[in-house]
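Enquirer: Numbering (our numbering), first residue to last: 23 to 431.
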């Protein structure tokens, strides 16, 4: 790097002593240390293979593997750090920052598709660490302490009891529809992010949940951005099941348990049994769909689970969903159910509310990303843009405050 000469100025004895001390230190190139988890997260988020990165850096595959696998940090030269930043398109400061959020693969709850590769699973883990780091930074900056209300339940707890317990713990009625699931969960201390967490269709998953913090005290749900309010609500409920039932261990039937919990949480069995039509058709189930805020498919599954639908009738209703089509889109009811336009897709707002409270709304994406170890804006921005955007004029009453939403460009 070439530095421009500056006009010499008289220096105080204190400044001269500082210069001498600095010159006596080891060269900067001998003191740079990068963190393996940072290197790996950057690589997997960029969709690169370890071998190709090692080749681009002109280092051996074994050394690069050790670099990523390092439990703490590894020494690199100034030139190697610059090359790492250039190849992976992350700021140098990012690699020099210790990991704030520890996320183990076993601590992530999501339904991995059979076609999902190891790289794609690692991408989910990297996104989870970013979300955890953002939560950590925002809480530290805001000084707020949001009480976490989710109970910890035995994985063997029945779906009915688990759902009733959670409803009671977070202040919901035990037998009524949940009008705003996202708001209810955020008030209970759940941090929710909505974004497209995977670029490749094969890697897509509806939602992920995890616990972060030194004591695993902060629950996070990452839900894939969707235009389906039905899918979003069911995904959130499913992840709540994981959070309360599988905080420390995941049995083999964890996914089935989370699905059963979600059904009970959104559609309490006693109420569904009371309201179930004598002859269930798609038309007769539609009012229940809109009342309880679920899909017809979810209602069909809950009805079958409760013994209200035979196997044959369940199969028949699914065939009808696949056969009927929306007009004028031509999409089948299985793809887009009637009532899709009767609700808005729920969006989280807790994170942006905490950010604007902590910094009076006067913070840009650039400033925010530098506060969280210089993660690239291309990864931070989607997390903010996925939050609920208040109507114009309702963000902050101060004339000198600019909302973060106005600074995402």
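Each residue gets a CB set at the ideal place from its N, CA and C atoms; glycine is no exception.
Where does the unbroken alpha helix (DSSP H) through residue 264 begin, and where does it stop?
Expert: Counting along the chain, the alpha helix (DSSP H) containing residue 264 begins and ends at 251–267.
Enquirer: Assuming residue 185 and residue 283 form a contact by the criterion Cβ under 8 Å, report the distance between their Cβ atoms to the nearest whole angstrom.
Expert: Yes, residue 185 and residue 283 are in contact; Cβ-Cβ is about 6 Å, under 8 Å.
Enquirer: Indicate whether residue 148 and residue 109 have their beta-carbon atoms separated by less than 8 Å.
Expert: Not a contact, by the Cβ cut-off of 8 Å.
Enquirer: I'd like the list of long-range same chain contacts for residue 324, defined as Cβ closer than 7 Å, with 5 residues on each side in sequence excluded.
Expert: Same-chain partners within the cutoff: 285, 289, 294.
Enquirer: Can you check DSSP and say which residues form a bridge with residue 380?
Expert: None; residue 380 has no bridge partner.
Enquirer: Below 8 Å, can you find three or more Cβ-Cβ pairs linking the region 233–245 to the region 296–310?
Expert: No, the region 233–245 does not touch the region 296–310.
Enquirer: Does the region 187–195 come close enough to the region 154–166 that 3 or more CB-CB pairs lie under 8 Å?
Expert: Counting Cβ pairs under 8 Å, fewer than three are found: no touch.
Enquirer: Compare the C-alpha of residue 267 against each of 345, 216, 175, 209 and name the closest.
Expert: Of the candidates 345, 216, 175, 209, the one whose C-alpha sits nearest the C-alpha of residue 267 is 175.
Enquirer: Return the chain-ordered ranges of every alpha helix (DSSP H) run that is complete within the region 339–391 and spans a minimum of 4 residues.
Expert: You should have 372–381.
Enquirer: Three or more C-beta pairs under 8 Å: does that hold for the region 263–281 against the region 334–349?
Expert: In short, these stretches do not touch, since the Cβ pair count stays below three.
Enquirer: Apply the 10 Å Cβ neighbour rule to residue 389 and answer buried if 16 or more other Cβ atoms are within range, or exposed otherwise.
Expert: Exposed, by the Cβ-count rule.
Enquirer: Tell me, please, which residues DSSP counts as bridged to residue 309.
Expert: According to DSSP, which records beta bridges pairwise, residue 309 is partnered with nothing at all.
Enquirer: To the nearest angstrom, report how far apart residue 330 and residue 320 are at their CA atoms.
Expert: Approximately 13 Å between the Cα atoms of the pair.
Enquirer: I need the DSSP call for residue 158, collapsed to helix, strand or coil.
Expert: Three-state result, residue 158: helix.
Enquirer: If you follow the alpha helix (DSSP H) that residue 243 is part of, which residue opens it and which one closes it?
Expert: No alpha helix (DSSP H) contains residue 243, which is instead part of the beta strand (DSSP E) from 240–246.
Enquirer: Would you list the one or two residues that DSSP bridges to residue 229?
Expert: Note: residue 229 sits in a beta bridge opposite 245.
Enquirer: Mind the definition here: the region 53–65 touches the region 82–99 only if three or more C-beta pairs lie below 8 Å; say whether that holds.
Expert: Taking 8 Å as the limit for Cβ pairs, the verdict is that the region 82–99 does touch the region 53–65.
Enquirer: Mind the definition here: the region 358–378 touches the region 404–412 only if three or more C-beta pairs lie below 8 Å; say whether that holds.
Expert: With the cut-off at 8 Å, the region 358–378 and the region 404–412 touch.
Enquirer: Taking 8 Å as the cut-off, decide whether the C-beta atoms of residue 83 and residue 69 are in contact.
Expert: For residue 83 and residue 69, no; Cβs fall outside 8 Å.
Enquirer: Going by DSSP in three states, residue 281 sits in which element: helix, strand or coil?
Expert: In this structure, residue 281 counts as helix in the three-state DSSP scheme.
Enquirer: From this set, 403, 404, 396, 315, which residue's C-alpha is nearest residue 117's C-alpha?
Expert: The residue with the shortest Cα to Cα distance from residue 117 is 396.
Enquirer: Assuming residue 281 and residue 260 make a contact with CB atoms under 8 Å, what is their CB distance in whole Å?
Expert: Indeed they touch by this definition, with Cβ atoms about 6 Å apart.
Enquirer: Can you tell which of 238, 141, 85, 300 has the C-alpha that lies nearest to the C-alpha of residue 64?
Expert: Per the Cα distances, 141.
Enquirer: At the level of alpha carbons, what is the spacing between residue 103 and residue 363?
Expert: Using only the alpha carbons, I get a separation of about 50 Å.
Enquirer: Starting from residue 131, follow its DSSP beta bridges and name the residues at the other end.
Expert: Answer is 231, bridged to residue 131.
Enquirer: Can you list, in chain order, the residues of its chain whose CB lies under 6 Å from that of residue 404, leaving out five sequence neighbours each side?
Expert: Contacts found: 217.
Enquirer: What residue ranges within the region 150–218 form continuous alpha helix (DSSP H) runs of no fewer than 4 residues, ordered along the chain?
Expert: Here the runs fully enclosed are 181–191, 203–209.
Enquirer: For the alpha helix (DSSP H) containing residue 60, name the first residue and the last one.
Expert: That run of the alpha helix (DSSP H) goes 58–67.
Enquirer: Identify, in the order they occur along the chain, each residue of the same chain with its Cβ nearer than 7 Å to the Cβ of residue 273, setting aside the five sequence neighbours on each side.
Expert: So the list reads 177, once near-sequence residues are dropped.
Enquirer: Please name the residue in 150, 139, 235, 113 whose C-alpha comes closest to that of residue 162.
Expert: Of the listed residues, the one whose Cα sits closest to residue 162 is 235.
Enquirer: Are there 16 or more other CB atoms within 10 angstroms of the CB of residue 183, so buried, or fewer, so exposed?
Expert: It counts as exposed.
Enquirer: Should residue 382 be labelled buried (16 or more other beta-carbon atoms within 10 Å of its own) or exposed?
Expert: So residue 382 counts as exposed.
Enquirer: DSSP on residue 43, reduced to helix/strand/coil?
Expert: Confidence in residue 43 is poor, its pLDDT being 33 and thus under 50, which makes the residue's placement too unreliable to answer from.
Enquirer: Helix, strand or coil for residue 107? Go by DSSP, reduced to three states.
Expert: Reduced to three states, the DSSP call for residue 107 is helix.
Enquirer: Out of 250, 377, 291, 401, state which residue places its alpha-carbon closest to the alpha-carbon of residue 198.
Expert: Residue 291 is the option with its Cα nearest to residue 198.
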